[in-house]
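If you read the sequences in order, they're chains A and B. Just so it is clear: in the first sequence, position 57 is 175 by this note's numbering, and no numbers are missing. Just so it is clear: in the second sequence, position 88 is 155 by this note's numbering, and no numbers are missing. Using N, Cα and C, we set each Cβ at its ideal position, and we do this for glycine too. Treat the numbers as computed from the prediction; the structure is a model and nothing was measured.
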Amino acid sequence: AQSVSQHNHHVILSEAASLELGCNYSYGGTVNLFWYVQYPGQHLQLLLKYFSGDPLVKGIKGFEAEFIKSKFSFNLRKPSVQWSDTAEYFCAVNAGRGSTLGRLYFGRGTQLTVWP
Amino acid sequence: GAVVSQHPSRVICKSGTSVKIECRSLDFQATTMFWYRQFPKQSLMLMATSNEGSKATYEQGVEKDKFLINHASLTLSTLTVTSAHPEDSSFYICSARDQATGGLTEAFFGQGTRLTVV
């Protein structure tokens, strides 16, 4: 079975600091990778996704992630965080095809708190 | 992006009763929907894959007689928690994938249902 590890459970930063959230997965085949964000009281929203091609993926709100196949990693980065980035961030992996493409395995999440 | 709606957003029920949660894709058709469960401070755990017109596929360790899934149309899947007990209290989230967009698309999530069994 696939598993997803997020190393940081709670990250606290000041505004304008740089962010990197780690995500590693265990699956030897082709994967699709996602980062979702959950703002307080809201549903999950997609930040970015990787299916194929350029391993450096740019998402919304200035976030980006790099897929490093040799390290089974898909770390999320943002050069300068804002107070509004305070949220829970989830890394997710899918190795399905066709109808199972939405079948995701999630990491346990990282709570990001940004102080103004 | 596409919209997935869950109803109700919160429900409190007595132990031993059953609760039905609906998941609707509002502006697209979904042959496949997914049900997740999220415990406090923990990740989302995939419970089952709901397939329109056929039986759901349950993940290992999920009781299919406890969590009944019905996907009767291309826009609606329901999860019924039968004979609910306090340990079933959790946050249940559904997601759906737009079948019209082909292979390379993500699933969209509903806002979740907070179930409390007393």
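#1: Distance cutoff 8 Å, beta carbons only. Does SER121/A sit that close to anything in chain B?
#2: Between LEU151/A and chain B, is there a C-beta pair that is closer than 8 Å?
#3: Between which two residues does the beta strand (DSSP E) holding GLU173/B run?
#4: What does LEU164/A touch in chain B if you count any residue whose Cβ is under 7 Å from its own?
#5: If the cut-off is 7 Å on Cβ atoms, which residues from the region 95-115 of chain B count as contacting chain A, listed in chain order?
#6: So does the region 182-201 of chain A actually touch the region 160-168 of chain A, counting three or more Cβ pairs closer than 8 Å?
#7: How do the region 123-132 of chain A and the region 170-183 of chain A stand: do at least 3 beta-carbon pairs fall below 8 Å, yes or no?
#8: Beta-carbon within less than 8 Å of GLU173/B's beta-carbon, same chain only, minus the 5 sequence neighbours each way: which residues are those?
#9: Which residue from PRO234/A, ASP203/A and ARG221/A puts its Cα closest to that of LEU139/A?
#10: Using the Cα positions of GLN178/B and ASN118/B, report the straight-line distance between them to the nearest angstrom.
#11: Going along the chain, which residues of its own chain have a beta-carbon closer than 7 Å to the beta-carbon of LYS122/B, five neighbours each way excluded?
#12: Please determine, among PHE101/B, LYS81/B and VAL86/B, the residue with the shortest C-alpha to C-alpha distance to VAL185/B.
#13: Identify the contact partners of PHE134/B in chain A, using a Cβ-Cβ distance below 9 Å as the criterion.
#14: Considering only the alpha carbon of each residue, which of THR98/B, TYR103/B and LEU143/B lies closest to LEU182/B?
#15: DSSP state of LYS179/A, grouped into three classes?
#16: Less than 7 Å between C-beta atoms, sequence neighbours within five positions excluded: which residues of the same chain meet that for ALA135/A?
#17: Assuming SER144/B and SER85/B make a contact with CB atoms under 8 Å, what is their CB distance in whole Å?
The answer reads as follows:
#1: Here residue 121/A refers to the residue found at position 3 of the first sequence. Cβ-Cβ to chain B under 8 Å: no for SER121/A.
#2: If you number the first sequence from 1, residue 151/A lands on position 33. Judged by the 8 Å Cβ criterion, LEU151/A is not in contact with chain B.
#3: On the second sequence, residue 173/B is found 106 positions in, with the first residue counted as 1. Judged by DSSP secondary structure, GLU173/B falls outside any beta strand (DSSP E); it is assigned neither H nor E.
#4: Working through the first sequence from its first residue, we reach residue 164/A at position 46. The answer, in chain order, is GLU173.
#5: When CB distances to chain A are screened at a threshold of 7 Å, the residues of the region 95-115 of chain B falling below it are THR98, THR99, PHE101, GLN109, SER110, LEU111 and LEU113, in chain order.
#6: Yes: the two stretches touch, three or more of their Cβ pairs being nearer than 8 Å.
#7: The region 123-132 of chain A makes no contact with the region 170-183 of chain A: fewer than 3 CB pairs, one atom from each, lie closer than 8 Å.
#8: Taking the second sequence and counting its residues from 1, the one referred to as residue 173/B is at position 106. These residues qualify, in order along the chain: ARG164.
#9: On the first sequence, position 21 is the one that residue 139/A refers to. Ranked by how close their Cα comes to the Cα of LEU139/A, the residues PRO234/A, ASP203/A and ARG221/A have ASP203/A in first place.
#10: For the purposes of this step, residue 178/B is taken as residue 111 along the second sequence, with counting starting at 1. For the purposes of this step, residue 118/B is taken as residue 51 along the second sequence, with counting starting at 1. CA-to-CA, the gap between GLN178/B and ASN118/B works out to about 20 Å.
#11: Stepping through the second sequence from its first residue, residue 122/B is reached at position 55. Counting only residues of its own chain and dropping the five nearest sequence neighbours on each side, LYS122/B has no CB closer than 7 Å to any other CB.
#12: To locate residue 185/B, count along the second sequence from 1; it is residue 118. For the set PHE101/B, LYS81/B and VAL86/B, the Cα lying nearest the Cα of VAL185/B is the one of LYS81/B.
#13: Against the second sequence, residue 134/B aligns to sequence position 67. Correct list: empty, because the minimum Cβ distance to chain A is about 16 Å.
#14: As a first step, residue 182/B is located in the second sequence; it is residue number 115 there, counting from the start. Nearest C-alpha to LEU182/B: TYR103/B.
#15: By one-based count along the first sequence, residue 179/A stands at place 61. It is helical.
#16: Your numbering for residue 135/A matches position 17 in the first sequence. Within the same chain, ALA135/A has close Cβ partners VAL199.
#17: Locating residue 144/B in the second sequence gives position 77, where the first residue counts as 1. Locating residue 85/B in the second sequence gives position 18, where the first residue counts as 1. Contact doesn't hold; Cβ gap of about 16 Å is too wide.
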